[in-house]
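Q: Submitted below is the structure of interest, expressed as structure tokens.
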Amino acid sequence: MIGIGTALNVTTVLVGATIGTLLSHWLPQRTRDVVTDSLGMTTLLIAAMSAASVQEGALQAAVGTSAPVLIILGALLVGGVVGSLLNLEFRLESVGASLQRHLTHGQTVTKERVRFVEGFVSASLVFCVGPLAILGSLSDGLGRGINQLVLKSTLDLFAALAFAASFGWGVAAAALSVLVVQGSVTLLGFALGAVMPEAHVAALTATGGLLLVGVGLRLLRIRAFPTGDLLPALPIAVLLTQLVVMFR
Numbered sequence: 037m038i039g040i041g042t043a044l045n046v047t048t049v050l051v052g053a054t055i056g057t058l059l060s061h062w063l064p065q066r067t068r069d070v071v072t073d074s075l076g077m078t079t080l081l082i083a084a085m086s087a088a089s090v091q092e093g094a095l096q097a098a099v100g101t102s103a104p105v106l107i108i109l110g111a112l113l114v115g116g117v118v119g120s121l122l123n124l125e126f127r128l129e130s131v132g133a134s135l136q137r138h139l140t141h142g143q144t145v146t147k148e149r150v151r152f153v154e155g156f157v158s159a160s161l162v163f164c165v166g167p168l169a170i171l172g173s174l175s176d177g178l179g180r181g182i183n184q185l186v187l188k189s190t191l192d193l194f195a196a197l198a199f200a201a202s203f204g205w206g207v208a209a210a211a212l213s214v215l216v217v218q219g220s221v222t223l224l225g226f227a228l229g230a231v232m233p234e235a236h237v238a239a240l241t242a243t244g245g246l247l248l249v250g251v252g253l254r255l256l257r258i259r260a261f262p263t264g265d266l267l268p269a270l271p272i273a274v275l276l277t278q279l280v281v282m283f284r
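Structure below.
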């Protein structure tokens, strides 16, 4: 049944966020900070593993040995310009603030609102930027199974628990992002009828890995990196790869 993988993922995010939020009342702030730092370091590890896809043989064979880094650079530059002009980071934060006001009837203090928005934005990026979100959803849409999304759902269960222990119910709201993003990609896969070539997948994975670096820096409180503004770099990386393949 097409779409069951995304439904499973949404469920695990909600379950993990609920457990994490309930546990957060029993945890001191110092413990919450340690949990967030651990998640930040793990995110950087996943980011490094994903970014290493820039060296994959399929990508280098398709575009040459020197082009992959330039493709990723071009995707980030063009994507960053497009995203900043569209103000995507602010729009994503606005969605989080709007959800927080509706869920709490606007009766929370500013500090709680900031915590809710931060949880929603950070969790949404971690859950939706990774390569498993794209590749797993495509595979689901193509009717080729949900194995990748089952793996992602398991990882997201624990990630949501860790996030919610620090940020609360904002992480549960990120389930909406998972539903919209992965549901859309699943429908796209169903329409395409075929997966992307391996070289394009590698470019997408490497670009997503660099975006996750920004998420990791944000979680570690090193810099509030506007990762949301760079989201257009993902499809642009695929387009640039195709252009190089065509004109090479």
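Residue numbers for the sequence shown follow this note's numbering, so the first one is 37 and each next one is one higher. We put the beta carbon where it would ideally sit given N, CA and C, even for glycine.
Enumerate in chain order the residues of its own chain whose CB-to-CB distance from Gly179 is below 7 Å, with the five nearest sequence positions on each side excluded.
A: As a first step, residue 179 is located in the sequence shown; it is residue number 143 there, counting from the start. The answer, listed in chain order, is Ile38.
Q: Where are the alpha helix (DSSP H) runs, 4 residues long or more, that stay fully inside the segment 71-156, in chain order?
A: With a minimum length of 4 residues, the continuous alpha helix (DSSP H) runs that stay inside the segment 71-156 are 93-99, 103-122, 124-140.
Q: How is Ile40 classed by DSSP in three states: helix, strand or coil?
A: Counting from 1 along the sequence shown, the entry for residue 40 is found at position 4. If DSSP states are grouped into helix, strand and coil, Ile40 belongs with the helices.
Q: Nearest-angstrom Cα distance between Met85 and Asn45?
A: Mapped onto the sequence shown, residue 85 falls at position 49. Mapped onto the sequence shown, residue 45 falls at position 9. Rounded to whole angstroms, Met85 to Asn45 spans 22 Å at the Cα level.
Q: Taking only three categories from DSSP, how would you classify His61?
A: Reading the sequence shown from its first residue, position 25 is the one you call residue 61. His61 falls in the coil class under three-state DSSP.
Q: For Pro262, does the three-state DSSP call read helix, strand or coil?
A: On the sequence shown, residue 262 is found 226 positions in, with the first residue counted as 1. If DSSP states are grouped into helix, strand and coil, Pro262 belongs with coil.
Q: Looking only at C-alpha atoms, which of Met77, Thr42, Val105, Val70 sits nearest to Leu276?
A: Along the sequence shown, read from residue 1 onward, the residue named residue 276 stands at position 240. Of the listed residues, the one whose Cα sits closest to Leu276 is Val105.
Q: Anyone know if the C-beta pair for Val281 and Asp192 falls short of 7 Å?
A: Mapped onto the sequence shown, residue 281 falls at position 245. Mapped onto the sequence shown, residue 192 falls at position 156. No, these two residues do not count as a Cβ contact at 7 Å.
Q: In terms of residue numbering, what span does the alpha helix (DSSP H) encompassing Pro233 cover?
A: On the sequence shown, position 197 is the one that residue 233 refers to. Counting along the chain, Pro233 falls outside any alpha helix (DSSP H), and DSSP gives it neither H nor E.
Q: If you compare alpha carbons, which of Arg68, Leu59, Leu215 is closest to Ile40?
A: On the sequence shown, position 4 is the one that residue 40 refers to. Ile40 has its Cα closest to that of Leu215, out of Arg68, Leu59, Leu215.
Q: Mind checking which residues open and close the alpha helix (DSSP H) that includes Pro271?
A: For this step, residue 271 is matched to residue 235 along the sequence shown. Unbroken alpha helix (DSSP H) run through Pro271: 269-283.
Q: Between which two residues does the alpha helix (DSSP H) containing Leu197 stretch?
A: As a first step, residue 197 must be located in the sequence shown, where it is residue number 161. 183-203 is the extent of the alpha helix (DSSP H) around Leu197.
Q: Skipping 5 residues on each side, what residues in its chain have a beta carbon closer than 6 Å to that of Ile272?
A: Along the sequence shown, one-based indexing puts residue 272 at 236. Around Ile272: Ala111, Val114, Gly115.
Q: Helix, strand or coil, according to DSSP, for Arg68 in the structure here?
A: Here residue 68 refers to the residue found at position 32 of the sequence shown. Here Arg68 sits in helix by DSSP.
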